[in-house]
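*Asks:* Structure below; questions to follow.
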Amino acid sequence: MSQFFTRLMFILSLVIGFNLATAIAADSHANAPVRIGIMAFNEPDEVMANWHPTADWLSQQLHRPVQLTPLTPSQLDEALAKQSIDFLIGNALTTVAFKKNYGTSHLLTLVHNRVHSPEQSIGSAIVTRIDNNLSQWDQLKDEKLVSSDPQAFGGFQIFAATMATKGINAYRDIPQLRFIGFPQQKLLQMLLSGEADVAVLPSCVLENTVDKGLVPANKLKVVLKQPHPDFACEVSTQLYPGYALTKLGHTDHKLATQVVSGLLQITPDNPAAQQGRYQYWSAPVDDSPVFELLKQLEQWPFVTNWQRLLHNALPWGASVIFVLLLGYIHHLRVKRLVVKRTQALSAEITHHQYTQKILLEQQQQFYRAQRVLLTGEMASGIAHELKQPLAGIRYLTQGCLYRLDNTQSELATALNKVINQVDRAQTTIHRLRTFCQQTSDYQPCDLHTVIEETLTLMQPEFQRLKLNPKVNLHTLPVFADASLIQQVLVNLLRNALDAMENVPQKSLMIDTGITDENVYIHITDSGCGLSDSALERLFFPFETSKPQGLGLGMVICKRIIEEHKGNIDAQHANPGLTIKVTLPLNTQPA
0 MSQFFTRLMF ILSLVIGFNL ATAIAADSHA NAPVRIGIMA FNEPDEVMAN WHPTADWLSQ
60 QLHRPVQLTP LTPSQLDEAL AKQSIDFLIG NALTTVAFKK NYGTSHLLTL VHNRVHSPEQ
120 SIGSAIVTRI DNNLSQWDQL KDEKLVSSDP QAFGGFQIFA ATMATKGINA YRDIPQLRFI
180 GFPQQKLLQM LLSGEADVAV LPSCVLENTV DKGLVPANKL KVVLKQPHPD FACEVSTQLY
240 PGYALTKLGH TDHKLATQVV SGLLQITPDN PAAQQGRYQY WSAPVDDSPV FELLKQLEQW
300 PFVTNWQRLL HNALPWGASV IFVLLLGYIH HLRVKRLVVK RTQALSAEIT HHQYTQKILL
360 EQQQQFYRAQ RVLLTGEMAS GIAHELKQPL AGIRYLTQGC LYRLDNTQSE LATALNKVIN
420 QVDRAQTTIH RLRTFCQQTS DYQPCDLHTV IEETLTLMQP EFQRLKLNPK VNLHTLPVFA
480 DASLIQQVLV NLLRNALDAM ENVPQKSLMI DTGITDENVY IHITDSGCGL SDSALERLFF
540 PFETSKPQGL GLGMVICKRI IEEHKGNIDA QHANPGLTIK VTLPLNTQPA
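Here it is as structure tokens:
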């Protein structure tokens with residue numbers, strides 16, 4: 000019997016202890032403060048002064064303390080992430096914007112003093128100085144515009160959505176837009192001081208500031224106004240629901256019910272309503288216009304919240320990047336070892352190839368020297384043998400001219416051209432014999448004429464290839480030996496024609512002009528072109544791609560151009576090759 004009594008007392012003590020602990024925990028939870036965040040757009044002291052009577056009233060109804068915290072938009076994000084508040088009193092946009100990530104729920108809507116319908120409580124007012132003649136939305140692009148914060152509902156986002164409906168991106172199309180921060184009244188001071196031209200503010204901010212005597216009544220005005228007969232303030236945009244009480248997802252629903260019940264008992268004559276400048280709290284109103292505003296601003300839920308996704312994926316992304324970085328470092332180490340081990344072998348192979356190249360070039364230089372001696376002998380003999388026949392041709396042609404009458408002008412013209420060509424041939428032969436001893440005959444001349452004469456001389460070759468060159472000629476005054484320059488042009492044109500001999504689509508372009516202190520001639524063909532190695536050695540002696548060529552033509556061209564203090568170069572074309580010749584511009588009169 001005594002043992003049974005002992006067990007019964009033990010069980011009773013456990014039950015009493017459990018009930019006592021539960022009561023203590025419940026009492027402790029009941030005494031915990033209700034944490035309410037207030038969206039603050041003015042000084043924190045002013046916000047606390049307006050909402051403190053409401054907190055006192057609610058504390059009396061709940062029989063527990065109520066803690067108010069003024070929060071700017073940036074502070075609000077941090078408070079939600081840390082779950083440091085249970086409720087939020089803010090604009091209607093917060094309930095929608097934070098619903099996905101923080102489970103917010105719209106509990107009540109605040110009815111302000113100046114409104115008749117809670118669905119139409121707030122808009123954006125575009126405020127400027129009284130002397131500003133702003134009358135079109137497009138004119139805002141050229142104004143110095145200020146706002147408090149990009150997340151401010153009436154202070155910017157309603158304005159931005161309205162601009163979007165007019166095809167204007169408020170963030171991109173207004174280059175002088177600045178966000179100043181809070182309080183919002185300092186934006187009005189910036190207008191008065193001339194630091195800004197236009198300020199975007201929530202509706203009624205201007206009227207409240209004027210009522211308090213903080214700004215003169217006749218200095219500022221609201222522009223681009225939209226008519227709202229039942230709204231007590233001037234506004235430039237559509238109206239939206241005003242402040243709302245929002246419950247956070249972690250907040251107990253029973254506590255939320257008690258808070259809602261307490262706020263619904265506030266009447267317009269209650270000190271809490273009078274100090275807070277509102278009439279009463281009502282049931283939630285239609286917030287579909289807020290969804291339309293989010294759609295116009297391209298924000299969640301109509302677009303993906305990439306910033307939130309990035310924040311969640313950041314740890315995984317950092318891990319993947321770290322693993323990839325380790326793999327890349329290992330790859331670099333292995334690659335360095337491979338390069339280091341093959342470096343000695345590569346150096347030996349390169350040295351061997353260089354030795355073979357030097358030996359081959361020495362052999363080629365020897366053969367070239369022999370060819371130069373042979374060419375000199377051949378040139379001297381040919382010049383001597385051709386001099387007499389050319390003289391005979393000239394005399395016979397002149398004899399024919401003497402025997403012509405005045406009716407045979409065409410034949411006389413042809414015979415004169417023959418004499419001119421014979422004279423040019425004799426001059427060339429003479430220069431060939433005395434190339435190394437005689438100086439060039441420099442005179443002011445126009446390359447335009449030299450090029451035309453060269454094209455006339457090459458006309459039979461153009462006809463043979465059925466080619467019609469495209470020529471862009473300008474006046475090109477130079478101080479040069481026209482005969483030597485013509486030799487260069489003939490050689491370049493012959494090379495171009497030879498390169499296009501077996502090409503189905505033939506084209507030849509000769510472009511001229513003047514740049515800075517030089518004249519230029521560009522000859523572009525659509526021929527077979529040159530390889531990179533052949534292009535590098537184009538001006539080397541005895542380098543030729545022609546089966547019967549000596550490889551001296553381009554060397555002679557380069558020597559003549561350089562003697563004229565000019566430059567000659569070649570580069571790939573697509574297709575074919577472009578030869579560029581530049582000569583100093585003659586600024587002296589001819």
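Counting from 1, position 426 in the sequence shown corresponds to residue 425 in numbering that gives the first Met the number 0; the numbering is continuous, with no gaps.
Glycine included, each C-beta is placed from N, C-alpha and C at the ideal position.
Nearest to K224 by CA position, among L389, N217, E233, is which residue?
*Replies:* E233
*Asks:* Which of helix, strand or coil does DSSP assign to T94?
*Replies:* helix
*Asks:* Which one or two residues does DSSP pair with C444 in a beta bridge?
*Replies:* Beta-bridge partners of C444 (DSSP): V477.
*Asks:* Should W315 be labelled buried (16 or more other beta-carbon atoms within 10 Å of its own) or exposed?
*Replies:* So W315 counts as exposed.
*Asks:* Label I513 either buried or exposed according to how many other C-beta atoms from any shown protein chain fall within 10 Å of its C-beta, with 16 as the threshold for buried.
*Replies:* exposed
*Asks:* Evaluate A368 with the Cβ neighbour count: other Cβ atoms within 10 Å of its Cβ, from every protein chain shown; 16 or more gives buried, anything less gives exposed.
*Replies:* For A368, the predicted model reports a pLDDT of 40, less than 50, meaning its position is unreliable; a value from the coordinates is still stated below. Under this definition A368 is an exposed residue.
*Asks:* Indicate whether T108 and S260 have their beta-carbon atoms separated by less than 7 Å.
*Replies:* no
*Asks:* Name the DSSP bridge partner or partners of H62?
*Replies:* In the DSSP assignment, no residue is bridged to H62.
*Asks:* Restricting to Cα atoms, I'd like to know which of Q183, I179, K143, L139 is closest to M162.
*Replies:* L139
*Asks:* Within 10 angstroms of its Cβ, does Q156 collect 16 or more other Cβ (buried), or is it exposed?
*Replies:* buried
*Asks:* Under DSSP, the alpha helix (DSSP H) around P240 begins and ends at which residues?
*Replies:* No alpha helix (DSSP H) contains P240, which DSSP labels as neither H nor E.
*Asks:* Assuming R590 is part of the beta strand (DSSP E), what are its boundary residues?
*Replies:* The structure shown does not extend to residue 590, since the chain is modelled only from 0 to 589, so the question has no answer here.
*Asks:* Hey, how far is the Cα of Q135 from the Cα of S235?
*Replies:* 12 Å
*Asks:* Of all the options I559, L403, L262, which has the alpha carbon lying nearest to the alpha carbon of D55?
*Replies:* L262
*Asks:* Assign N90 to buried or exposed, taking buried as 16 or more other Cβ atoms, counted over all protein chains shown, within 10 Å of its Cβ.
*Replies:* buried
*Asks:* Below 8 Å CB to CB, which residues in the same chain sit around N415 once its five sequence neighbours on both sides are set aside?
*Replies:* L400
*Asks:* Going along the chain, which residues of its own chain have a beta-carbon closer than 7 Å to the beta-carbon of E516, five neighbours each way excluded?
*Replies:* Same-chain partners within the cutoff: P583, L584.
*Asks:* With H, G and I counted as helix, E and B as strand and the rest as coil, what does DSSP make of D422?
*Replies:* Here D422 sits in helix by DSSP.
*Asks:* Assuming the contact rule is C-beta atoms closer than 8 Å, N566 and T577 should be a hit. Round their C-beta distance to whole Å, please.
*Replies:* Contact doesn't hold; Cβ gap of about 14 Å is too wide.
*Asks:* Give me the residue from I428, E142, V209, P228 with the minimum Cα distance to G193.
*Replies:* Nearest option by C-alpha distance: E142.
*Asks:* On the DSSP bridge list, what partners appear for I578?
*Replies:* I522, A569
*Asks:* Are the CB atoms of G275 and T93 nearer to each other than 7 Å?
*Replies:* no
*Asks:* For N132, count the other beta carbons within 10 Å of its own beta carbon; 16 or more makes it buried, fewer makes it exposed. Which is it?
*Replies:* exposed
*Asks:* Roughly how many angstroms separate the alpha carbons of C444 and Q458, rounded to a whole number?
*Replies:* 23 Å
*Asks:* Please identify the residue among P72, Q74, H51, E77 whose C-alpha is closest to the C-alpha of V65.
*Replies:* The shortest CA-to-CA distance from V65 to any of P72, Q74, H51, E77 is the one to H51.
*Asks:* Helix, strand or coil for K334, going by three-state DSSP, please let me know.
*Replies:* helix
*Asks:* Please report the distance separating the alpha-carbon of Q364 from that of F539.
*Replies:* Note that Q364 scores a pLDDT of 47, beneath 50, so its modelled location is shaky; the value from the coordinates is reported in the next line. Each residue's Cα considered, the two are about 11 Å apart.
*Asks:* What ranges does the beta strand (DSSP E) occupy inside the segment 143-174, keeping only unbroken runs of at least 3 residues that lie completely in it?
*Replies:* 144-146
*Asks:* What residue does the alpha helix (DSSP H) around K465 start on, and which one ends it?
*Replies:* Neither: K465 is in no alpha helix (DSSP H) and is coded neither H nor E.
*Asks:* According to DSSP, is G391 part of a helix, a strand, or is it coil?
*Replies:* helix
*Asks:* Where does I320 fall in DSSP's three states?
*Replies:* Helix, per DSSP.
*Asks:* If the criterion is Cβ atoms closer than 7 Å, does the pair V214 and V126 meet it?
*Replies:* No.
*Asks:* Just mark L372 as buried or exposed, buried being the case when its beta carbon has 16 or more other beta carbons within 10 Å.
*Replies:* Note on L372: pLDDT 41, under 50, position unreliable in the model; the coordinate value appears next. Exposed, by the Cβ-count rule.
*Asks:* In the DSSP assignment, what residue or residues form a beta bridge with V114?
*Replies:* In DSSP, V114 forms no bridge with anything.
*Asks:* For R128, which of helix, strand or coil comes out of DSSP?
*Replies:* R128: strand per DSSP, three-state reduction.
*Asks:* State buried or exposed for S202, treating a residue as buried only when at least 16 other CB atoms are found within 10 Å of its CB.
*Replies:* buried
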